[in-house]
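Here is the structure we will look at, set down as structure tokens.
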Amino acid sequence: MSASPREDARAIWSAAVAAVDPAHLVREALARAPLPAAPRLIVVGAGKAGAAMAAGLEAALPDRLDRITGLVNVPAGTQAALSRVRLHAARPAGVNEPTAAGVAGAEEMLHLLASAGPDDVAVCLLSGGGSALLPAPADGITLADKLAVTRLLHRSGATIDEMNCVRKHLSRVKGGRLAAAFHGKLFVTLIVSDVVGDPLDVIASGPTAPDPTTFADATAVLARYGLIERVPASVNALLARGESETLKELPPHVMNHVIGSNRLALDAAARIAEARGYRVLDLGAFVEGETAAVATAVAGVVRSIRRDAKPLPPPACVLIGGETTVTLGETPGRGGRNQEFVLALMQKLAATPGGLAGVTVLSGGTD
577 MSASPREDAR
587 AIWSAAVAAV
597 DPAHLVREAL
607 ARAPLPAAPR
617 LIVVGAGKAG
627 AAMAAGLEAA
637 LPDRLDRITG
647 LVNVPAGTQA
657 ALSRVRLHAA
667 RPAGVNEPTA
677 AGVAGAEEML
687 HLLASAGPDD
697 VAVCLLSGGG
707 SALLPAPADG
717 ITLADKLAVT
727 RLLHRSGATI
737 DEMNCVRKHL
747 SRVKGGRLAA
757 AFHGKLFVTL
767 IVSDVVGDPL
777 DVIASGPTAP
787 DPTTFADATA
797 VLARYGLIER
807 VPASVNALLA
817 RGESETLKEL
827 PPHVMNHVIG
837 SNRLALDAAA
847 RIAEARGYRV
857 LDLGAFVEGE
867 TAAVATAVAG
877 VVRSIRRDAK
887 PLPPPACVLI
897 GGETTVTLGE
907 TPGRGGRNQE
917 FVLALMQKLA
927 ATPGGLAGVT
937 VLSGGTD
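In my numbering, the protein residues as written are 577 to 943.
As structure tokens, then:
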């Protein structure tokens with residue numbers, strides 16, 4: 577170990593982030609499973625890692641650049657000058673909500689995929705934030721309607737699965753519909769997952785994956801949080817009609833590959849922690865729930881390690897991955913789930929014997 581636990585924490589964290597570097601993951605994926613020859617390679621996608629993933633794709637296919645055309649929706653400020661893939665600013669940085677710019681990008685992707693010839697190949701690049709970055713409201717509702725529903729679900733503390741269930745049924749691209757627009761030879765989606773368990777139908781609301789949920793399920797989510805009377809009437813009308821259900825089975829030419837995940841990051845973190853002399857307690861990549869409650873549970877683990885050397889003695893490194901939830905309420909404060917996790921954990925420890933002595937906490941998102 578180094579003289580500074582803070583330096584160790586940063587090194588362990590840096591290793592986790594490096595393990596899921598999007599450009600590297602795309603290059604590796606295309607090296608393992610090369611794309612077939614095609615007259616045209618259409619690239620679409622959305623996500624906070626979109627720019628890096630698109631750069632990785634171009635770097636992996638230097639001999640095919642002249643055949644590549646495409647568009648990827650990314651947050652403003654992350655665009656880069658690429659040779660063939662256009663990075664479209666689909667929302668302001670730090671605002672995880674759909675915008676008119678995002679709709680324009682999604683519309684262009686639909687048109688691009690629909691223009692494919694029978695021998696063309698398409699690649700979709702998806703990563704965290706892809707759902708909000710790829711909006712295309714269903715016929716009969718507006719972007720404002722969809723935005724109102726998204727905000728209500730956020731403030732109600734709905735899980736990512738619940739939110740995506742609703743969003744898929746208010747969209748023309750989610751729930752497998754983006755892939756359905758393509759009728760070429762092969763449609764491959766490369767995914768950097770930001771969802772616990774890496775479910776294809778939930779990541780970015782599954783624009784290229786089959787969807788097991790229904791219009792009735794979406795209505796049930798709104799009812800569960802008392803939102804039926806609060807969402808726009810057009811949304812309730814759309815869900816009640818139940819027309820054009822999301823896809824339940826995708827064509828055989830559509831393939832989805834998760835190339836990066838929380839598990840991959842945790843494994844890299846564990847290797848560095850052990851190399852620096854720590855005993856590692858890996859609590860896994862499936863942690864969910866209210867952020868403050870999860871922090872309280874982890875604080876209990878820290879206390880047990882410090883006082884009883886259970887489940888392992890110090891020096892210890894506790895690793896935890898997943899996606900916790902922060903219920904915003906009507907007057908949300910500043911910061912996010914990582915800040916809340918650290919503050920809640922430290923506050924809990926400060927009120928216990930031993931206080932904060934010997935404890936370093938780092939919480940972050942790999943995106």
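Positions of the beta carbon are idealized from the N, C-alpha and C atoms, including for glycine.
| Query | Result |
| --- | --- |
| Please go through the same chain and pick out, in chain order, the residues whose beta-carbon is closer than 7 Å to the beta-carbon of A875, but skip the five residues on each side of it. | L921, K924, L925 |
| Any chance you could list the beta strand (DSSP E) runs of at least 3 consecutive residues sitting entirely within the stretch 912–936, in chain order? | none |
| Pull up the distance between the alpha-carbon of A734 and that of S707, whole angstroms please. | 15 Å |
| Assuming S810 contacts G716 (C-beta within less than 8 Å), just tell me the rounded distance between them. | 6 Å |
| When the Cβ atoms of the stretch 786–793 are set against those of the stretch 708–728, are three or more pairs found closer than 8 Å? | no |
| By how many angstroms is the C-alpha of A682 removed from the C-alpha of A666? | 9 Å |
| First and last residue of the beta strand (DSSP E) that includes D858? | 855–858 |
| Provide the residue(s) that pair with H833 in DSSP beta bridges, ordered along the chain. | L766 |
| Can you tell me the Cα-Cα spacing of K824 and C893, whole angstroms? | 43 Å |
| Excluding the 5 residues flanking A592 on each side, which residues of the same chain have their C-beta closer than 6 Å to its C-beta? | A841, A844, A845 |
| What does a CB cutoff of less than 6 Å around R643 pick up in its chain, not counting 5 residues either side in sequence? | R616, L617 |
| Taking 7 Å as the limit between beta carbons, can you name the residues of its chain near A585, skipping five residues before and five after? | T936, L938 |
| May I ask which residues mark the beginning and end of the alpha helix (DSSP H) holding A892? | Here A892 belongs to no alpha helix (DSSP H); instead the beta strand (DSSP E) covers 892–895. |
| Under the assumption that L663 contacts A628 (Cβ atoms under 8 Å), give the Cβ distance between them as a whole number of angstroms. | Contact doesn't hold; Cβ gap of about 10 Å is too wide. |
| Which class does L782 belong to by DSSP, given the choice of helix, strand or coil? | The displayed chain sequence assigns Gly, not Leu, to residue 782. The answer is coil: DSSP assigns G782 none of H, G, I, E or B. |
| Could you pull the start and end residues of the beta strand (DSSP E) that G646 belongs to? | 644–651 |
| Tell whether a beta-carbon distance below 9 Å holds between A755 and T765. | yes |
| Using 8 Å as the threshold, is the stretch 642–661 in touch with the stretch 729–748, meaning 3 or more CB pairs across them? | no |
| Let me know the beta strand (DSSP E) ranges lying completely inside the stretch 841–891, each 3 residues or longer, listed in chain order. | 855–858, 863–866 |
| Let me know if E583 comes out buried or exposed under the rule of 16 or more other beta-carbons within 10 Å of its beta-carbon. | exposed |
| For a test of the three-state rule: what should DSSP assign to R586, helix, strand or coil? | helix |
| In whole angstroms, what is the alpha-carbon distance linking A630 and A785? | 20 Å |
| Can you list, in chain order, the residues of its chain whose CB lies under 7 Å from that of R913, leaving out five sequence neighbours each side? | T867, T900, V902 |
| Does the beta-carbon distance from H833 to A609 come in below 9 Å? | yes |
| Output the distance between the C-alpha atoms of L702 and S769, rounded to the nearest integer angstrom. | 8 Å |
| Opposite A724 in the DSSP bridges: which residues? | For A724, which the question treats as bridged, DSSP gives no partner whatsoever. |
| Just to confirm my understanding: we take V856, look at its own chain, exclude 5 residues before and 5 after, and list those with CB closer than 7 Å. What are they? | A846, A849, E850, C893, L895 |
| For I804 and D597, I'd like the C-alpha separation in whole angstroms. | 41 Å |
| Give the range of the alpha helix (DSSP H) segment to which T901 is assigned. | Careful: T901 lies outside any alpha helix (DSSP H), inside the beta strand (DSSP E) at 898–901. |
| Along the chain, where does the beta strand (DSSP E) that runs through I618 open and close? | 617–622 |
| Which value, in whole angstroms, describes the spacing of the CA atoms of M577 and D943? | Residue placement at M577 is flagged as unreliable, the pLDDT there being 48, under the threshold of 50; a coordinate-derived value is accordingly withheld. |
| What does DSSP give as the partner residues of V749 in its beta bridges? | According to DSSP, which records beta bridges pairwise, V749 is partnered with nothing at all. |
| Take V742 and list the residues in its own chain whose beta-carbon comes closer than 6 Å to its own, dropping the five residues that flank it on each side. | A794, V797 |
| Identify the continuous beta strand (DSSP E) that holds H687 and give its terminal residues. | Not the beta strand (DSSP E): H687 falls in the alpha helix (DSSP H), residues 676–690. |
| Assuming V671 is part of the alpha helix (DSSP H), what are its boundary residues? | Unbroken run through V671: none, as it is neither H nor E. |
| Can you tell which of G773, G752, A680, L888 has its C-alpha closest to the C-alpha of P828? | G752 |
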